[in-house]
Amino acid sequence: MTLDIRLIRESWSLVEPVADQVTLDFYSRLFAENPRIRELFPPAMDLQRDRLFGALTQVVLNLEDTEGVREYLGQLARDHRKYGVRPEHYPALGHCLIAAMRAGAHGVWQPAYDQAWAAAYDLIAEVMIQAADQDAVTAPPAWIGTVVGHEMRTPDIAVLTVEPNHPYPFRAGQYTTVQTALWPRVWRAYSIANAPRHDNRIVLHVRAIPGGWVSTALVKHTRPGDTILLGPPRGTLSLEQATTSHLVFIAGGTGLAPLKALIEESVWMPERPAIDLFYGVRRAADAYDTEALNNLRMQHRRLRIVQAVSDEPGPGYGQTAIDALEYHRIIPSGDVFVCGSQQMVRVTSDRLVRLGVPAGRIHTEYTPDAPVPVG
Ligand SMILES: Cc1cc2nc3c(=O)[nH]c(=O)nc-3n(C[C@H](O)[C@H](O)[C@H](O)COP(=O)(O)OP(=O)(O)OC[C@H]3O[C@@H](n4cnc5c(N)ncnc54)[C@H](O)[C@@H]3O)c2cc1C
Ligand code: HEM
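full-length UniProt numbering puts the last residue of the sequence shown at 375; the count rises by one with no breaks.
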């Protein structure tokens, strides 16, 4: 089946300006016509609305990059196994999607767009179904993780050690998704704060957001012995992205987690890169992992750690992590990894570019459907 990329893009440009309305209409149709499918989705659907369109935009904009699109859809399909999605669900979704687009672009929609989209959707569904089938040979749809450690490091931040019930293959720098028994069908992303270990355990740094469903459940209502569900590992952050041997890591809050995993990994490398870690917290008491960082520094002679405290006065205080980098007159000549809240990553990346760091050397977790970790 061949794709008519021109027709797909032409019709997409008609739908994109009314994406919100089309998405709403799409879900109304999907759930009205298929009440059983509603049971797969979480009670509140606001995030998912943007994500489905985000994913489709990603696919439509990159249709020529067949390999890239297949890889992206493959990861999405592996992740969809944990939702309980089955091959027979795909046609219903495709049908409602095309009907909603047709209604959204009422008056300018052409019959040829229907055919072009039906072909494109069939192809997307085929790639996703195949990838899910292939994944099912070696991996469960989700892992049951037993919480074997739960340490409150600050009143809001807990460090959880979790033991998955099957081997959990991931790369340092990736994140997992978590569902707790308190919030069925609600999944949230958490960075894995360690490099892969022989004991198959993973460590998560979780900050409870006021009113936050999953973070509060994990920090305040989870104890050793409890179980949570883990989705497959995701994300692209990796030391392999680095092209130089002097690395600068800039972390804000629990954005430390994936960078700590990369530092742990670097300790085992035959030629360790030099790493300057600038770690920003609001108050000194928010620095929840100082002892572990000091241990890593003992193991890695070329690791330097500078802590910045933004919201307290005092000598060396009043600085964010990027302020501290400038204060120490470091002009990064190599790769820079940035993790923290969405705003922290944006502000830091802008300042790095102004300092002359090429955008291609700034690495941060980016998935089209997800913001970066919270601060
Ligand atoms: C790739 C990735 C990695 C992540 N890694 C981590 C991690 O290592 N540690 C960690 O603690 N979190 C991490 N997060 C954030 C995490 O996924 C959740 O978004 C966060 O825990 C809030 O979820 P919740 O269910 O508790 O809050 P929700 O119930 O989703 O939100 C409740 C309310 O709080 C608001 N809110 C959501 N986030 C914030 C915020 N950061 N600050 C203020 N208000 C907010 C929402 O808008 C909403 O109004 C990561 C996110 C991504 C995308
Ligand atoms: C064209 C094919 C599809 C695309 C592009 C797509 C895209 C997405 C995206 C981007 C997400 C956000 C979470 C993630 O990244 O994993 C998501 C979540 C989800 N999808 Fe799909 N999806 C597709 C097909 C389906 C089908 C056929 C079903 C089953 C009816 C389904 C059910 C779900 C559910 C239940 C969620 C979780 C919602 C949430 O947590 O808020 N998807 N999908």
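All residues carry an ideal CB built from backbone N, CA and C; glycine is no exception.
Is the beta carbon of residue i within less than 7 Å of some heavy atom of ligand 2?
i	result
Y41	Before going further, note that residue 41 is Phe rather than Tyr in the sequence given. At least one heavy atom of ligand 2 is nearer than 7 Å to the Cβ of F41, so yes.
M101	no
A89	Before going further, note that residue 89 is His rather than Ala in the sequence given. H89 Cβ: within cutoff of ligand 2.
L355	no
V85	yes
M269	no
L63	no
D79	yes
M45	yes
R51	yes
I37	yes
A32	no
I124	yes
L93	yes
L56	yes
Which residue marks the beginning of the beta strand (DSSP E) containing residue i, and which one marks its end?
i	result
A195	Looking at the DSSP string, A195 is not in any beta strand (DSSP E), and its letter there is neither H nor E.
Y90	Looking at the DSSP string, Y90 is not in any beta strand (DSSP E); the run it does join, the alpha helix (DSSP H), is Y90 to G104.
Opposite residue i in the DSSP bridges: which residues?
i	result
H152	Residue identity check: residue 152 is Met in the sequence provided, not His. The partner list for M152 (beta bridge, DSSP) reads A158.
P42	For P42, which the question treats as bridged, DSSP gives no partner whatsoever.
T227	T146
E264	Answer by DSSP bridge pairing: none, since E264 is not bridged.
residue 376	Summary: the structure shown does not reach residue 376, with the chain confined to residues 1 through 375, and so no result is reported for it.
L247	I275 and D335
Q179	L229
E163	T146
A308	G280
R234	Y175
Please classify residue i: does DSSP put it in a helix, a strand, or coil?
i	result
Q174	coil
G255	helix
V276	In the sequence as displayed, the identity of residue 276 is Asp instead of Val. Three-state DSSP puts D276 in a strand.
P358	coil
Q241	helix
V186	coil
A285	helix
L303	strand
V22	helix
H363	strand
D65	coil
T348	helix
P373	Low confidence applies to P373: its pLDDT is 40, below 50, so where it sits in the model is not reliable enough to give any reading.
Y72	helix
H80	helix
N34	coil
Y168	coil
S28	helix
M269	coil
T2	coil
V60	helix
P87	helix
Nearer than 7 Å: is that true of the beta carbon of residue i relative to any heavy atom of ligand 1?
i	result
T338	The displayed chain sequence assigns Val, not Thr, to residue 338. No; taking the cut-off as 7 Å, the Cβ of V338 has no heavy atom of ligand 1 nearer than that.
R185	no
A189	yes
R361	no
W213	yes
G235	yes
E365	yes
R70	no
V22	no
V162	no
V206	yes
S341	yes
Y27	no
Y168	no
I250	no
A284	no
A195	no
Can you name the start and end residues of the alpha helix (DSSP H) that residue i belongs to?
i	result
D199	Careful: D199 lies outside any alpha helix (DSSP H) and carries neither H nor E.
I209	I209 -> no alpha helix (DSSP H), and no H or E assigned at all.
R9	I5 to V15
P111	P111 to T138
Y327	A321 to Y327
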